[in-house]
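The structure appears right after this line, and notes come after that.
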Amino acid sequence: MSAPDNLVACDKPALVIYGGTFDPVHFGHLRSAMEVGQALGAASVRLLPCYLPAHREATTSTAEQRLAMLRLAVRGVDYLEIDDRELVRKGYSYSVDTLKEIRHEVGPERSVSMVIGADAYMQLNTWHQWQKITQLAHLVVLERPGYAAGLVPPAIIDWVEDKLAVDPLCLAQQAAGLVCHLRLNQFEVSATKIRSIVLQQGTINYLLPSRVIEYINQQGLYQ
Ligand code: ATP
8 MSAPDNLVAC
18 DKPALVIYGG
28 TFDPVHFGHL
38 RSAMEVGQAL
48 GAASVRLLPC
58 YLPAHREATT
68 STAEQRLAML
78 RLAVRGVDYL
88 EIDDRELVRK
98 GYSYSVDTLK
108 EIRHEVGPER
118 SVSMVIGADA
128 YMQLNTWHQW
138 QKITQLAHLV
148 VLERPGYAAG
158 LVPPAIIDWV
168 EDKLAVDPLC
178 LAQQAAGLVC
188 HLRLNQFEVS
198 ATKIRSIVLQ
208 QGTINYLLPS
218 RVIEYINQQG
228 LYQ
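Following our numbering from start to finish, the sequence shown increments by one per residue and tops out at 230.
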């Protein structure tokens with residue numbers, strides 16, 4: 008599968024973007040981000056919190072609180088970085104706008120991959136300018152419990168047919184244009200579950216970094 012015409016192979020390290028609401032960030036995010044980086048042969052992965060998600064309800068904590076929790080979570084971790092551009096930009100966070108900005112910054116040659124969960128992938132055809140995404144970056148789809156290929160809408164199946172890559176290392180060889188499914192270790196935790204445990208005054212120990220738990224308690228989040 009070759010890159011779109013204006014994008015060619017490059018020897019700069021692959022850039023991997025891992026977006027989410029991170030309300031709060033937890034070990035499911037952190038572990039899978041690390042494993043994606045390893046699978047793609049990337050030196051680091053950028054966690055990119057969204058400001059206003061276009062396809063779900065608003066977040067419970069503020070943008071500042073979500074960013075603070077991310078900073079606590081990655082402190083001292085050299086393979087995870089934070090990109091706060093969507094929080095700075097404000098408004099609806101459309102991936103295509105973010106990828107346009109990033110592509111403009113890194114130039115046409117560098118490999119850029121955007122990681123999304125299979126839950127998000129199954130609704131990809133409802134995203135703003137969704138077909139443009141692979142003109143700007145690769146897509147890495149993380150399989151999650153509940154994902155079934157049979158549930159993917161026909162529009163996505165037709166669109167992805169000539170973009171599928173089996174070997175994740177291929178993604179570093181070209182700038183954009185591929186879609187790769189990854190099955191990682193499944194860590195059964197979600198931000199929804201964490202918020203609901205806090206609401207019921209249960210313990211969230213071992214689901215997320217203790218520094219983030221301290222912050223949640225200190226700020227009285229999710230109660
Ligand atoms: P919520 O429960 O509020 O929907 P979430 O835990 O799914 O949140 P998000 O911030 O919405 O987290 O997700 C960011 C990305 O992380 C998505 O691509 C999502 O599929 C992925 N993700 C979330 N939890 C896990 C997990 N346990 N293992 C692997 N990937 C995960």
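Even for Gly, the Cβ is constructed at its ideal location relative to N, Cα and C.
query: Residue closest to Asp-30, alpha-carbon to alpha-carbon, out of Val-205, Ala-198, Pro-216 and Arg-38; result: Ala-198
query: Residue burial classification, Arg-73 (beta-carbon count within 10 angstroms, cutoff 16); result: buried
query: Contact test: Val-196 Cβ vs the ligand ATP heavy atom, cutoff 7 Å; result: yes
query: Own chain, CB closer than 7 Å to Lys-170, minus 5 neighbours either side, in chain order; result: Met-8, Thr-141, Gly-184, Leu-185 and Val-186
query: Proximity of Leu-59 and Leu-77 at Cβ, strictly below 8 Å; result: no
query: Inter-residue CB distance, Ser-120 and Tyr-86 (contact presumed, cutoff 8 Å); result: Going by Cβ atoms, the distance from Ser-120 to Tyr-86 rounds to 15 Å, so no, they are not a contact pair.
query: Close beta carbons around Thr-69, own chain, < 8 Å, minus the five adjacent residues each side; result: none
query: Secondary structure of Ala-10, DSSP reduced to three states; result: Only weak support is given to the placement of Ala-10: the predicted model assigns it a pLDDT of 34, under 50, and the question is left unresolved by the model.
query: Touching by the beta-carbon criterion (3+ pairs, under 8 Å), the region 26-40 and the region 212-226; result: yes
query: Any non-hydrogen atom of the ligand ATP closer than 7 Å to Ile-89 Cβ; result: no
query: Rounded separation between Val-205 and Glu-195 - CA only; result: 17 Å
query: Secondary structure of Tyr-25, DSSP reduced to three states; result: strand
query: Bridge partner(s) assigned by DSSP for Ser-197; result: DSSP lists no partner for Ser-197.
query: Pro-56 - containing beta strand (DSSP E), residue span; result: 52-56
query: Span separating the alpha-carbon of Asn-212 from that of Arg-117; result: 39 Å
query: Candidates Ala-46, Pro-161 and Asp-126, of which the one nearest Leu-191 by Cα; result: Ala-46
query: Glu-108 vs Arg-92 beta-carbon contact at 8 Å; result: yes
query: Spatial neighbours of Leu-214 in its chain, beta-carbon cut-off 7 Å, leaving aside the 5 residues before and after; result: His-33, Phe-34, Val-196 and Ile-201
query: For Val-122 and Leu-149, believed in contact at Cβ under 8 Å, the rounded distance; result: 6 Å
query: Closest by C-alpha distance to Leu-178, when choosing among Val-147, Ser-203 and Tyr-101; result: Val-147
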